[in-house]
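Residue numbers (this note's numbering), protein chains in the order written: chain G, 51 to 773; chain D, 242 to 301.
Positions of the beta carbon are idealized from the N, C-alpha and C atoms, including for glycine.
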Amino acid sequence: MEKEQFYYDNKIVKMFLWATILWGVVGMLVGLLVALLFIYPGYLEFAGSDNAISWLSFGRLRPLHTNAVIFAFVGNGIFLGVYYSTQRLLKARMFNDVLSRIHFWGWQAIIVAAAITLPLGFNSSKEYAELEWPIDIAVVLIWVIFGINLIGTILKRRQRHIYVAIWFYIATLVTIAVLYIFNNLEMPVTAFKSYSVYSGVQDALVQWWYGHNAVAFFLTTPILGLMYYFVPKVANRPVYSYRLSIIHFWTLIFLYIWAGPHHLLYTALPEWAQNLGTVFSIMLIFPSWGGMINGLLTLRGAWDKVRENPVLKFFVVAITGYGMATFEGPMLSFKNLNAIGHYTDWIVGHVHIGALAWNGFMIAGIVYWLAEKLWKTPLYSKKLANTHFWLGTLGILFYAIPLYVAGFTQAFMWKQFNPDGTLVYGNFLETVTQVLPMYAMRAIGGTLYLTGFILLAINVIKTAKAGSKVEDELAEAVPLKKISGQRIAGEGWHTWLERRTVLFTILVTVAILIGGLVEIVPLILVKSNVTKIESVKPYTPLELEGRDIYIREGCNNCHSQMIRPFRSEVERYGEYSKAGEFVYDFPFLWGSRRTGPDVHRIGGKYNDNWHFNHMLDPRSTSPGSIMPRYSWLIKNDLNASNLEDKMSGLAKLGVPYSDEEISGAKQSLLTQAKEIENNLRQDPEFVSNYGSSNVQNKEIVALIAYLQRLGTDIKGNTKTALK
Amino acid sequence: MEVVYITIGVSVIVAIIFFIAFIKSVKSGQYEDTYTPSVRMLFDDELVTEDKEKKEKSTK
Numbered sequence: 051m052e053k054e055q056f057y058y059d060n061k062i063v064k065m066f067l068w069a070t071i072l073w074g075v076v077g078m079l080v081g082l083l084v085a086l087l088f089i090y091p092g093y094l095e096f097a098g099s100d101n102a103i104s105w106l107s108f109g110r111l112r113p114l115h116t117n118a119v120i121f122a123f124v125g126n127g128i129f130l131g132v133y134y135s136t137q138r139l140l141k142a143r144m145f146n147d148v149l150s151r152i153h154f155w156g157w158q159a160i161i162v163a164a165a166i167t168l169p170l171g172f173n174s175s176k177e178y179a180e181l182e183w184p185i186d187i188a189v190v191l192i193w194v195i196f197g198i199n200l201i202g203t204i205l206k207r208r209q210r211h212i213y214v215a216i217w218f219y220i221a222t223l224v225t226i227a228v229l230y231i232f233n234n235l236e237m238p239v240t241a242f243k244s245y246s247v248y249s250g251v252q253d254a255l256v257q258w259w260y261g262h263n264a265v266a267f268f269l270t271t272p273i274l275g276l277m278y279y280f281v282p283k284v285a286n287r288p289v290y291s292y293r294l295s296i297i298h299f300w301t302l303i304f305l306y307i308w309a310g311p312h313h314l315l316y317t318a319l320p321e322w323a324q325n326l327g328t329v330f331s332i333m334l335i336f337p338s339w340g341g342m343i344n345g346l347l348t349l350r351g352a353w354d355k356v357r358e359n360p361v362l363k364f365f366v367v368a369i370t371g372y373g374m375a376t377f378e379g380p381m382l383s384f385k386n387l388n389a390i391g392h393y394t395d396w397i398v399g400h401v402h403i404g405a406l407a408w409n410g411f412m413i414a415g416i417v418y419w420l421a422e423k424l425w426k427t428p429l430y431s432k433k434l435a436n437t438h439f440w441l442g443t444l445g446i447l448f449y450a451i452p453l454y455v456a457g458f459t460q461a462f463m464w465k466q467f468n469p470d471g472t473l474v475y476g477n478f479l480e481t482v483t484q485v486l487p488m489y490a491m492r493a494i495g496g497t498l499y500l501t502g503f504i505l506l507a508i509n510v511i512k513t514a515k516a517g518s519k520v521e522d523e524l525a526e527a528v529p530l531k532k533i534s535g536q537r538i539a540g541e542g543w544h545t546w547l548e549r550r551t552v553l554f555t556i557l558v559t560v561a562i563l564i565g566g567l568v569e570i571v572p573l574i575l576v577k578s579n580v581t582k583i584e585s586v587k588p589y590t591p592l593e594l595e596g597r598d599i600y601i602r603e604g605c606n607n608c609h610s611q612m613i614r615p616f617r618s619e620v621e622r623y624g625e626y627s628k629a630g631e632f633v634y635d636f637p638f639l640w641g642s643r644r645t646g647p648d649v650h651r652i653g654g655k656y657n658d659n660w661h662f663n664h665m666l667d668p669r670s671t672s673p674g675s676i677m678p679r680y681s682w683l684i685k686n687d688l689n690a691s692n693l694e695d696k697m698s699g700l701a702k703l704g705v706p707y708s709d710e711e712i713s714g715a716k717q718s719l720l721t722q723a724k725e726i727e728n729n730l731r732q733d734p735e736f737v738s739n740y741g742s743s744n745v746q747n748k749e750i751v752a753l754i755a756y757l758q759r760l761g762t763d764i765k766g767n768t769k770t771a772l773k
Numbered sequence: 242m243e244v245v246y247i248t249i250g251v252s253v254i255v256a257i258i259f260f261i262a263f264i265k266s267v268k269s270g271q272y273e274d275t276y277t278p279s280v281r282m283l284f285d286d287e288l289v290t291e292d293k294e295k296k297e298k299s300t301k
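Next up, the structure:
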């Protein structure tokens with residue numbers, strides 16, 4: 051058959067390349083900003099300590115950092131590699147240029163929307179799925195566009211065999227779509243506020259089923275696909291074992307989806323679900339290490355090239371980092387190790403080995419190599435790239451090792467008892483101030499890594515300036531012959547129909563799935579409820595508003611609400627958390643990290659004035675605390691205008707709010723707020739400072755109401771429960 | 242814990258989709274040759290001399 055000529059679309063690859071670099075710098079810079087908040091909690095209070103700036107507080111910037119590095123930096127890096135390699139592996143231009151452009155600009159628009167809404171406090175509270183519902187819908191739409199583009203290209207390919215990298219891309223496409231949709235099923239109450247349709251334990255399970263697979267199918271499988279393309283290409287060696295790569299792929303995708311519950315070990319999640327997560331997580335080491343070995347051994351007999359080629363250096367450290375992270379993962383899924391590591395900085399160190407080494411270095415290597423390919427010129431400076439490599443590697447070490455030390459320090463301090471059975475470090479703050487030097491070293495590590503990445507930006511800009519302007523690359527390949535005996539040449543309609551049917555089927559399935567689920571899921575879940583605890587009652591209107599402030603400020607980034615059944619935790623925080631306590635928690639707020647103490651039993655522990663002063667200046671009640679000041683909560687009026695909508699939305703999800711309760715919500719809110727103001731006025735200092743202001747209308751009162759309610763339902767204290 | 246009907250259900254459906262893809266890819270011969278593909282991807286098919294090739298195509 052005659053060869054066909056066609057052009058590869060290099061323009062789109064270049065667009066994603068620039069986006070990767072831009073968002074890489076932004077995401078890492080925000081990371082550094084939040085890392086510095088650990089050491090200098092007040093350094094972003096530019097308007098004075100009494101006027102802390104809400105959108106620069108840790109709870110709002112941390113989701114911005116995670117979303118920026120995951121979806122903006124790594125996301126664009128994935129698309130960069132996918133758009134380059136898919137065209138070449140399938141010997142076809144991307145299915146449709148317009149779709150490619152919509153994909154690119156749509157994705158960037160989503161990132162900008164996230165960068166605006168997250169600091170403003172529009173936050174659904176679910177980790178790595180914080181974006182509110184309108185943006186979620188945009189994400190799904192753009193993802194479907196990407197899917198059509200990828201599958202369309204596969205269908206018009208000129209190479210019958212589908213190389214293993216493409217399989218990894220397909221798995222990414224399908225699984226992320228499904229998980230993202232299910233985890234983000236929400237009941238919208240206003241344009242930028244929604245409640246998860248799941249509550250408590252159920253929400254926790256869905257969130258971490260998604261959360262772990264965001265790691266698995268967004269930060270791992272696509273990068274593995276890129277590894278199977280770019281490592282052999284750069285080394286100019288075939289992959290060590292193609293057979294192993296196929297086994298690697300199929301075992302990895304069948305095992306990964308079950309691993310989520312290892313994020314919830316020793317929580318109120320039923321034990322069988324925890325064990326399921328543990329078993330699959332441990333099995334995961336086999337495919338993961340199969341992949342790592344396959345990647346590293348591709349360089350067998352070519353290690354001399356690693357010495358000369360900075361790109362391969364990046365790849366070697368990246369794959370080694372993948373091996374370390376995927377060894378640590380199964381280890382941390384053992385319940386006894388998880389009991390130590392969970393809630394500590396060990397986890398933060400662990401994910402950064404994955405993020406900085408595996409994702410960051412794979413992408414850096416790909417960017418350097420593609421800069422030469424796309425602009426058809428040697429790299430501006432190999433020396434600069436080598437400097438980046440060493441700065442980055444040092445950065446990773448300075449980041450991770452101090453956090454491992456910090457993690458173990460925290461865990462052992464939290465658990466240490468005196469011979470008389472009391473906690474040695476009964477004041478949680480001691481365990482925070484102890485690790486502050488580690489946080490400082492972590493910030494140095496981050497600075498080194500970011501500096502290295504800025505060198506990459508300079509290097510690529512200089513390379514592009516010196517290089518060729520050619521956008522599309524001509525290539526030729528033999529078109530695919532139809533295998534089917536009956537339909538040979540001249541039956542173009544069949545190709546057309548085949549393509550349409552497949553696409554059509556996919557679209558219809560997606561549409562049905564979304565539509566059906568929105569209807570069915572709440573129905574299944576409404577009646578369900580874990581073991582009922584009679585004394586557990588829904589939040590009062592004021593507490594509900596307070597809870598939404600807790601979500602808005604991202605308190606769950608640093609405070610867990612899940613006391614594990616350990617002697618050390620029961621001694622420190624109180625009775626361990628029961629599944630039945632969370633049935634009205636839409637969404638759940640268990641958290642995953644204890645930078646500060648657990649707050650599930652904080653209700654009634656301190657008086658209202660303590661909370662008021664603590665929010666105004668945490669250092670006044672807890673010297674040495676690194677919590678941000680929340681002075682705006684005392685200045686801002688509580689906006690309860692959507693209260694009835696919120697309550698009726700929750701009622702639809704199964705919270706037993708009666709019609710009278712909903713119509714009398716505003717009145718109930720005022721009564722409870724007045725009560726809290728009266729409590730606050732018992733402190734003469736409060737009266738002299740704030741006596742003239744109408745504190746009952748302020749946001750702080752709602753937050754205090756919520757905090758004082760937390761964990762009290764099973765204490766036999768029904769005073770605050772809804773009457 | 243009714244939500245497990247959803248998470249397990251969806252996980253199984255996704256697994257079945259991938260299983261079907263696996264069976265189909267085996268049957269269509271995707272994995273009969275586990276060596277050539279690893280070498281084939283190393284060759285570039287870009288044509289460096291663009292204009293000359295265009296002329297050649299028209300004469301072919």
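Starting from residue i, find everything on chain C with Cβ-Cβ shorter than 9 Å and list it in chain order.
i	result
Ala-525 (chain G)	You won't find chain C in this structure, because its protein chains are G and D.
Per DSSP, what are the beta-bridge partners of residue i in this structure?
i	result
Tyr-57 (chain G)	G:Leu-524
Lys-243 (chain G)	G:Thr-240
Glu-287 (chain D)	G:Ala-525
Lys-748 (chain G)	G:Asp-687
Arg-643 (chain G)	G:Tyr-393
Can you tell me whether residue i is helix, strand or coil according to DSSP?
i	result
Ser-534 (chain G)	With a pLDDT of 48 at Ser-534 (chain G), under the threshold of 50, the predicted position of this residue should be treated as unreliable, though the coordinate-derived value follows. If DSSP states are grouped into helix, strand and coil, Ser-534 (chain G) belongs with coil.
Ser-291 (chain G)	coil
Asp-687 (chain G)	strand
Lys-176 (chain G)	coil
Tyr-393 (chain G)	strand
Arg-617 (chain G)	helix
Leu-473 (chain G)	strand
Pro-588 (chain G)	coil
Val-253 (chain D)	helix
Ile-307 (chain G)	coil
Gln-722 (chain G)	helix
With distance defined between alpha-carbon atoms, name the residue in the options nearest to residue i.
i	options	result
Ala-407 (chain G)	G:Gly-379, G:Ala-450, G:Lys-423, G:Gly-391	G:Ala-450
Tyr-489 (chain G)	G:Ile-676, G:Glu-54, G:Gly-202, G:Ser-743	G:Ile-676
Tyr-133 (chain G)	G:Gly-496, G:Pro-615, G:Gly-202	G:Gly-202
Leu-639 (chain G)	G:His-650, G:Pro-288, G:Gly-630	G:His-650
Ala-389 (chain G)	G:Gln-324, G:Val-366, G:Glu-593	G:Gln-324
Asn-692 (chain G)	G:Lys-243, G:Ile-71, G:Ile-185	G:Lys-243
Tyr-475 (chain G)	G:Thr-240, G:Val-251, G:Ala-493, G:Tyr-623	G:Tyr-623
Ile-187 (chain G)	G:Tyr-589, G:Val-228, G:Ser-150	G:Val-228
Tyr-290 (chain G)	G:Asn-173, G:Leu-315, G:Asn-344	G:Asn-344
Gly-674 (chain G)	G:Leu-719, G:Leu-479, G:Phe-636, G:Asn-686	G:Leu-479
Ile-369 (chain G)	G:Phe-108, G:Phe-411, G:His-402, G:Pro-360	G:Phe-411
The alpha helix (DSSP H) that contains residue i, what's its start and end?
i	result
Met-463 (chain G)	432-465
Val-482 (chain G)	478-483
Asn-325 (chain G)	321-333
Trp-259 (chain G)	250-267
Ala-159 (chain G)	147-170
Glu-595 (chain G)	591-602
Asn-409 (chain G)	Asn-409 (chain G) -> no alpha helix (DSSP H), and no H or E assigned at all.
Arg-669 (chain G)	668-671
Trp-105 (chain G)	Run containing Trp-105 (chain G): none; DSSP gives neither H nor E here.
Leu-500 (chain G)	486-516
Leu-276 (chain G)	271-285
Rounded to the nearest angstrom, how far is the Cβ of residue i from that of residue j, given a contact under 8 Å?
i	j	result
Phe-336 (chain G)	Thr-301 (chain G)	7 Å
Gly-646 (chain G)	Thr-762 (chain G)	Wrong, their Cβ atoms sit about 20 Å apart, outside the cutoff.
Thr-348 (chain G)	Ala-285 (chain G)	6 Å
Ala-179 (chain G)	Asn-234 (chain G)	6 Å
Thr-70 (chain G)	Val-417 (chain G)	6 Å
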